[in-house]
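Chains C and F are the protein sequences, given in the same order. Just so you know, my numbering puts 4 at position 4 of the first sequence, and the rest follows in order with no gaps. Count along the second sequence from 1, then add 114; that gives the number in my numbering. From the three backbone atoms N, C-alpha and C, an ideal C-beta is built for every residue, glycine too.
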Amino acid sequence: ETGVTQSPTHLIKTRGQQVTLRCSSQSGHNTVSWYQQALGQGPQFIFQYYREEENGRGNFPPRFSGLQFPNYSSELNVNALELDDSALYLCASSQDGGAGQPQHFGDGTRLSIL
Amino acid sequence: ELKVEQNPLFLSMQEGKNYTIYCNYSTTSDRLYWYRQDPGKSLESLFVLLSNGAVKQEGRLMASLDTKARLSTLHITAAVHDLSATYFCAAGPAGTYKYIFGTGTRLKVLA
């Protein structure tokens with residue numbers, strides 16, 4: 001069973017740039033959720049994709065956008081990067097919308113904005 | 115809007131002792147999760163609680179859910195050093211696919 005994999009592991013960008021983070025879901029999972037975790041904080045829910053459709057979104061501006069592909073892998077895109085976007089970005093996969101199912105997390109992408 | 119609060123935020127305990135971490139949530143939730151996170155690592159799923167009175171146990175950890183009180187607890191029995199980590203609870207607002215995490219409880223078990 002292949003777990004959740006994220007790429008890249010680390011990334012350094014400057015303010016105003018754009019970034020794309022990638023996530024491959026665990027085998028058999030059709031739901032992917034993205035989180036932002038600032039240092040010393042709990043993860044903040046960005047959005048969830050289920051069968052290629054966004055079905056839940058947290059309090060993040062539209063410059064945070066996503067995509068899920070037919071193989072259920074996913075991308076998180078962030079435009080016009082700000083210093084506060086520096087964080088660990090976590091992807092989690094689950095089955096069938098995730099409600100009532102455990103989420104399996106990847107190791108994350110550490111994004112630093114200079 | 116659902117808010118999730120954990121206490122204590124920091125917990126230092128001796129090996130062999132028992133303790134409880136509390137997770138309160140502000141509005142109706144239809145699911146409650148507990149996760150463990152080691153420093154510099156990702157999150158590991160511990161428990162999923164879906165109904166009032168649900169109790170789940172794994173090793174020295176036991177989680178319970180009281181939906182009427184909007185409270186979940188994570189009880190640690192006879193703590194060992196390997197349990198040192200940050201523990202998060204997360205709740206999902208009923209009828210949505212959102213997840214709201216607490217701020218975490220940083221547990222340190224002293225030998």
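Exercise. Where does the unbroken beta strand (DSSP E) through phenylalanine 92 of chain C begin, and where does it stop?
Worked result: A small fix is needed here, since residue 92 of chain C is alanine in this sequence, not phenylalanine. For alanine 92 of chain C, the enclosing beta strand (DSSP E) begins and ends at 87-94.
For this session: Would you mind sorting threonine 219 of chain F into buried or exposed? The rule is 16 or more other CB atoms within 10 Å of its CB.
Result: With 16 or more Cβ atoms within 10 Å of its Cβ, threonine 219 of chain F is classed as buried.
For this session: Report the three-state DSSP secondary structure of aspartate 196 of chain F (helix, strand or coil).
Result: Of the three classes helix, strand and coil, the one that applies to aspartate 196 of chain F here is helix, per DSSP.
Exercise. Between glycine 28 of chain C and glutamine 95 of chain C, which are expected to be in contact by the criterion C-beta below 8 Å, what is the C-beta distance as a whole number of angstroms?
Worked result: So it is a contact: roughly 7 Å between Cβ atoms.
For this session: Drop a sphere of 10 angstroms on the beta-carbon of leucine 146 of chain F, count the other beta-carbons inside from all chains shown, and report buried for 16 or more, exposed for fewer.
Result: Around the beta carbon of leucine 146 of chain F, 16 or more other beta carbons lie within 10 angstroms, which makes this residue buried.
Problem set entry | Members of the segment 50-65 of chain C near chain F, C-beta cut-off 8 Å | For the segment 50-65 of chain C, the residues whose beta carbon sits under 8 Å from a beta carbon of chain F are, in order, Tyr50, Asn55, Gly56, Arg57 and Gly58.
Problem set entry | leucine 76 of chain C (DSSP reduced to helix, strand or coil) | Residue state, collapsed to three classes: strand.
Exercise. When burial is assigned at 16 or more other CB atoms within 10 Å of the CB, is phenylalanine 161 of chain F buried or exposed?
Worked result: With 16 or more Cβ atoms within 10 Å of its Cβ, phenylalanine 161 of chain F is classed as buried.
For this session: Kindly say whether serine 126 of chain F, judged by its beta-carbon, lies nearer than 8 Å to any beta-carbon of chain C.
Result: Not an interface residue.
Exercise. Candidates C:Thr14, C:Ile12 and C:Gln26: which alpha carbon is nearest glycine 3 of chain C's?
Worked result: Looking only at C:Thr14, C:Ile12 and C:Gln26, the smallest Cα-Cα distance to glycine 3 of chain C is reached by C:Gln26.
Problem set entry | Buried versus exposed, by CB contacts within 10 Å (16 or more), lysine 131 of chain F | With fewer than 16 Cβ atoms within 10 Å of its Cβ, lysine 131 of chain F is classed as exposed.
Exercise. Whose C-beta lies closer than 7 Å to the C-beta of proline 235 of chain F among residues of the same chain, with five residues either side of it excluded?
Worked result: In the structure displayed, chain F extends from 115 to 225; residue 235 of chain F sits before or after that span and is not available.
Problem set entry | Straight-line Cα distance separating tyrosine 49 of chain C from asparagine 55 of chain C | For the pair asparagine 55 of chain C and tyrosine 49 of chain C, the Cα-to-Cα distance works out to about 6 Å.
Exercise. If you run the structure through DSSP and keep just helix, strand and coil, what is leucine 83 of chain C?
Worked result: If DSSP states are grouped into helix, strand and coil, leucine 83 of chain C belongs with the helices.
Problem set entry | Reduced DSSP secondary structure (H/G/I, E/B, other) of glutamate 115 of chain F | Of the three classes helix, strand and coil, the one that applies to glutamate 115 of chain F here is coil, per DSSP.
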